[in-house]
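Peer 1: Got a structure here, written out as structure tokens. Questions coming.
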Amino acid sequence: MTHGFSKKNQSSVDYAYRFGDFELHPEERLLKRARIPVQLQPKAFDALLCLVRRAERLVSKQELINTLWPSIHVSESNLTNTIVSLRKIVGRETIRTVSKHGYRFELAVTGEPGVAQATYEKFTRAKELTVQRSLESMHLARDLYWTCLAADPSFAPAWAWLGRCCWFLDKFSGNSSANLELAHAAFQRAFALDPELACAHQFYTLLQVDTGHADEAMGRLLERLERHPGEPESFTSLIQVFRFRGLLVESVEAHRRGVELDPALVTSVAHTLFLAGEFASAIEHYSGRAAYYLDAAAWAALGNRKRAITLLRERLGRMPLSKLMNALMSSLLAVLEGRTDEAVHLMETADTTREPEILVYFARHYARLRMTDSSVSVLKRAAQSGFVCAPTTLTSDPWLSALRRHPEFASLLRTAETLVEEARSNLGASPKSWPS
Numbered sequence: 000m001t002h003g004f005s006k007k008n009q010s011s012v013d014y015a016y017r018f019g020d021f022e023l024h025p026e027e028r029l030l031k032r033a034r035i036p037v038q039l040q041p042k043a044f045d046a047l048l049c050l051v052r053r054a055e056r057l058v059s060k061q062e063l064i065n066t067l068w069p070s071i072h073v074s075e076s077n078l079t080n081t082i083v084s085l086r087k088i089v090g091r092e093t094i095r096t097v098s099k100h101g102y103r104f105e106l107a108v109t110g111e112p113g114v115a116q117a118t119y120e121k122f123t124r125a126k127e128l129t130v131q132r133s134l135e136s137m138h139l140a141r142d143l144y145w146t147c148l149a150a151d152p153s154f155a156p157a158w159a160w161l162g163r164c165c166w167f168l169d170k171f172s173g174n175s176s177a178n179l180e181l182a183h184a185a186f187q188r189a190f191a192l193d194p195e196l197a198c199a200h201q202f203y204t205l206l207q208v209d210t211g212h213a214d215e216a217m218g219r220l221l222e223r224l225e226r227h228p229g230e231p232e233s234f235t236s237l238i239q240v241f242r243f244r245g246l247l248v249e250s251v252e253a254h255r256r257g258v259e260l261d262p263a264l265v266t267s268v269a270h271t272l273f274l275a276g277e278f279a280s281a282i283e284h285y286s287g288r289a290a291y292y293l294d295a296a297a298w299a300a301l302g303n304r305k306r307a308i309t310l311l312r313e314r315l316g317r318m319p320l321s322k323l324m325n326a327l328m329s330s331l332l333a334v335l336e337g338r339t340d341e342a343v344h345l346m347e348t349a350d351t352t353r354e355p356e357i358l359v360y361f362a363r364h365y366a367r368l369r370m371t372d373s374s375v376s377v378l379k380r381a382a383q384s385g386f387v388c389a390p391t392t393l394t395s396d397p398w399l400s401a402l403r404r405h406p407e408f409a410s411l412l413r414t415a416e417t418l419v420e421e422a423r424s425n426l427g428a429s430p431k432s433w434p435s
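Counting with numbering that gives the first Met the number 0, you get residues 0 to 435 for the letters of the sequence shown.
This is how it looks when you write it as structure tokens:
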């Protein structure tokens, strides 16, 4: 089976970054267009190399200045002039200005030094499949990552993306623990090959928080920010980590700081805002992405039952969903339509082993049905699995109002407050305390 990939250069290692008609050779400090050398000033070459290595991600002005003029104070106009000269060669649309922040290299990189071109081609296709986030696409992507790694076992990014893929399959397919073991092994291999690999740090956070290790993730990410203070993706990861520890204010602050570095950053802050009771803001931040459950739940919390039902019915009718996501959305619809037995059956049979956050949503459903014993039970399970329902959510969420009359509510609230204070204490003891 060819998978539609070219047979040219199946085993030859590439020595250049490739994008469009260009080849960028770091060792030779040479840029070629259609195989013809293009003259570049040294600073322009360094700037292009920095941007290409971080392709499709924001590179701040300060990072570029520090790279091009280390230990020398220069004005920002020097960088502007360098970018202008680069655009004349690679094209104006190739380097995007992110106003007041920095620059982003917009062309897809189709090859990099040390990796065979055919291997990188498969890797690029696998990443495209991974971001589709369906079970079918993830299985196809996993096979392609293995093909890449069979050809080049030292390809660290492929190990990181394989880890992400296997984590997803473990979380949503639920067939065995093999994918979780593979995910752990893949991430450890990626870190062994490249301890500073940004995507490995970002993807590993997903696995850590879902397996009850949010504190370890928080420590790792804060240490990484000490070394890379301008990395927006670390703040993206902290948004989720803080939410899992019940630190909603800190989660929103991580979003603010990440977006300050990169206004185009896509984060999970909508889920944080939802738990903070800011349902309208949650809907606003949830828009512009593949929508499943959260905005429908927010509309229901705002009292717009009809709109929530419409959204859920439309999506359940057309979207291919994992069993867990189907259970989450269908149980909410059943709650809203008064089908209590069906809602309970969906929640009781759902496998939430790798998704403690969903347990909090189930707790809201149970409380809405006035099944407060079940609501207390799943909130305790969530905390034991690593997700702390924030005290703010417990005391103010309108769908948890029945829960607040339960005999165990005071104990549940005290436990949550204790866990949150412990997390905040750990945060304060980090190498660089989180700003208040």
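Cβ coordinates follow ideal geometry from the N, Cα and C atoms, glycine included.
Run through DSSP, which three-state label would LYS99 get?
Peer 2: LYS99 falls in the coil class under three-state DSSP.
Peer 1: Would DSSP call ARG338 helix, strand or coil?
Peer 2: Here ARG338 sits in coil by DSSP.
Peer 1: Please work out which residues of its chain come closer than 6 Å, Cβ to Cβ, to ILE308, disregarding the five sequence neighbours upstream and downstream, and give them in chain order.
Peer 2: Cβ neighbours of ILE308 beyond the five flanking positions: LEU335.
Peer 1: Taking the alpha-carbon of HIS344 as reference, which of ARG353, PRO355, VAL359 and HIS364 has the nearest alpha-carbon?
Peer 2: It is HIS364 whose Cα lies nearest to the Cα of HIS344.
Peer 1: In the DSSP assignment, the beta strand (DSSP E) including SER59 goes from what residue to what residue?
Peer 2: Segment 57-59, the beta strand (DSSP E) holding SER59.
Peer 1: Kindly give me the distance between the Cβ atoms of GLN201 and GLU252, rounded to whole angstroms, as I take these residues to be in contact under 8 Å.
Peer 2: Between GLU252 and GLN201 the Cβ distance is about 19 Å, and since that is not below 8 Å, they are no contact.
Peer 1: Can you name the start and end residues of the alpha helix (DSSP H) that GLU22 belongs to?
Peer 2: Not the alpha helix (DSSP H): GLU22 falls in the beta strand (DSSP E), residues 21-24.
Peer 1: Use the C-beta contact count for ILE35: other C-beta atoms within 10 angstroms, 16 or more gives buried, fewer gives exposed.
Peer 2: Flag for ILE35 reads exposed.
Peer 1: Could you tell me how far apart the beta carbons of PRO327 and TYR285 are, in whole angstroms, since I believe they sit closer than 8 Å?
Peer 2: It should be pointed out that residue 327 corresponds to Leu in this sequence rather than to Pro. That pair is no contact at about 15 Å.
Peer 1: With DSSP as the reference, label PHE154 as helix, strand or coil.
Peer 2: DSSP places PHE154 in coil when its eight states are reduced to three.
Peer 1: How many angstroms separate the CA atom of THR352 from the CA atom of GLN207?
Peer 2: Taking the straight line joining both Cα atoms gives about 13 Å.
Peer 1: Look up ALA289 in the DSSP assignment and say whether it is helix, strand or coil.
Peer 2: Reduced to three states, the DSSP call for ALA289 is coil.
Peer 1: Quick one, are the C-beta atoms of ASP151 and THR118 less than 8 Å apart?
Peer 2: In this structure, THR118 lies closer than 8 Å to ASP151 by Cβ.
Peer 1: Between which two residues does the beta strand (DSSP E) carrying PHE18 extend?
Peer 2: Its beta strand (DSSP E) spans residues 16-18.
Peer 1: Thinking C-beta only, is HIS254 closer than 8 Å to VAL265?
Peer 2: No, they are not a contact pair.
Peer 1: Could I get the ranges of all uninterrupted alpha helix (DSSP H) runs contained in the stretch 322-406, with 4 residues as the minimum, in chain order?
Peer 2: Counting only runs of 4 or more, we get 322-335, 339-348, 355-367, 371-384 and 390-395.
Peer 1: Label LYS6 either buried or exposed according to how many other C-beta atoms from any shown protein chain fall within 10 Å of its C-beta, with 16 as the threshold for buried.
Peer 2: Here LYS6 scores only 43 on pLDDT, less than 50, and its place in the model should not be relied on; the value that follows carries that caveat. Looking at its Cβ environment, which holds fewer than 16 other Cβ atoms inside 10 Å, LYS6 is exposed.
Peer 1: I need the boundaries of the beta strand (DSSP E) containing ARG32, first residue and last residue.
Peer 2: First-last of the beta strand (DSSP E) with ARG32: 29-32.
Peer 1: So, with DSSP's three-state summary, where would you put PRO231?
Peer 2: In this structure, PRO231 counts as helix in the three-state DSSP scheme.
Peer 1: Is LEU23 buried or exposed, if buried means 16 or more other CB atoms sit within 10 Å of its CB?
Peer 2: Classification of LEU23: buried, given that the 10 Å Cβ count is 16 or more.
Peer 1: For the alpha helix (DSSP H) that PRO41 lies in, which residues bound it at each end?
Peer 2: Its alpha helix (DSSP H) spans residues 41-52.
Peer 1: For ALA185, count neighbouring C-beta atoms within 10 Å of its own C-beta (all shown protein chains included) and say buried if the count is 16 or more, exposed if not.
Peer 2: Burial call: buried.
Peer 1: For ARG163 versus LEU205, is the C-beta spacing smaller than 8 Å?
Peer 2: Yes. Within cutoff.
Peer 1: Using DSSP bridges, identify the partner residues of ALA182.
Peer 2: Its beta-bridge partners do not exist; DSSP assigns none.
Peer 1: Quick one, which of ARG53, GLY19 and LYS322 has its alpha-carbon nearest PRO156's?
Peer 2: Looking at the Cα atoms, ARG53 is the closest of the given residues.
Peer 1: Within this structure, are the beta carbons of VAL419 and GLY276 separated by less than 8 Å?
Peer 2: No, the Cβ-Cβ distance between VAL419 and GLY276 is not below 8 Å.
Peer 1: So, helix, strand or coil for ALA263, using DSSP?
Peer 2: In the structure shown, ALA263 sits in coil (DSSP, three-state: anything other than H, G, I, E or B).
Peer 1: Between LEU63 and LEU78, how many whole angstroms is the CB-CB distance? I'm expecting something under 8 Å.
Peer 2: Indeed, because the Cβ distance is near 6 Å, the residues count as touching under 8 Å.
Peer 1: What are the boundary residues of the alpha helix (DSSP H) that ILE71 is part of?
Peer 2: That residue, ILE71, is in no alpha helix (DSSP H); it is neither H nor E in DSSP.
Peer 1: Using a Cβ-Cβ cutoff of less than 7 Å, which residues in the same chain neighbour ARG124 once the five nearest sequence positions on both sides are dropped?
Peer 2: If we look at ARG124 and ignore the five residues flanking it on each side, its Cβ neighbours are LEU143.
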